[in-house]
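Since the structure comes first, as structure tokens, the remarks are kept for the end.
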Amino acid sequence: MAGPTWQWIEQGLEQVLGNLLRVGVVLAAVVVLAGGISCLIARMVLRSLKDRIRRGFNVSIAEVGDNDQWRSAFWAILIATNDKRFANQVLSKVVDFIEATHGSVVDDYRLSMI
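Its first residue numbered 229, the sequence shown is counted upward by one per residue in my numbering.
Structure below.
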């Protein structure tokens, strides 16, 4: 993967958010679109998917790597809560939602507690 490493993401998020949250759970995911679609269409699909996740699950989401890849995205998805079990449930549903979306696959993901 050309983007940042998992360790870099975890360390950066701990430094920035560690003192602000009681419990934060971060899902770092690599999302890949299948098929031979154009760059413009692929980026529109990824942006639409990102917006639907943000609205539907009340999470923060940002593209943190692989910006030069047009068929994939490296996202950090954060939920701030005081209940670890609830956070894990929501982020598991986010992964399921991405997988259920036609043409997208979660290639790899990691959950980290902050």
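The C-beta atom is built at its ideal place from N, Cα and C for all residues, glycine as well. Note that the structure is a prediction, hence the values are computed from the model and not measured.
Length of the line joining the Cα atoms of residue i and residue j
i, j, result
"Ser300", "Arg275", "11 Å"
"Asn310", "Arg282", "19 Å"
"Arg280", "Ala304", "15 Å"
Range covered by the alpha helix (DSSP H) that runs through residue i
i, result
"Asp279", "Cys267 to Phe285"
"Arg299", "From DSSP, Arg299 is part of no alpha helix (DSSP H); its letter is neither H nor E."
"Asp311", "That residue, Asp311, is in no alpha helix (DSSP H); it is neither H nor E in DSSP."
When the options are compared against residue i, the one with the closest alpha-carbon
i, options, result
"Phe285", "Ala304, Gly293 and Phe325", "Phe325"
Local Cβ density within 10 Å of residue i, reported as buried at 16 or more and exposed below that
i, result
"Gly263", "exposed"
"Gly331", "exposed"
"Ile289", "buried"
Continuous beta strand (DSSP E) stretch holding residue i: start and end
i, result
"Gly293", "Ser288 to Gly293"
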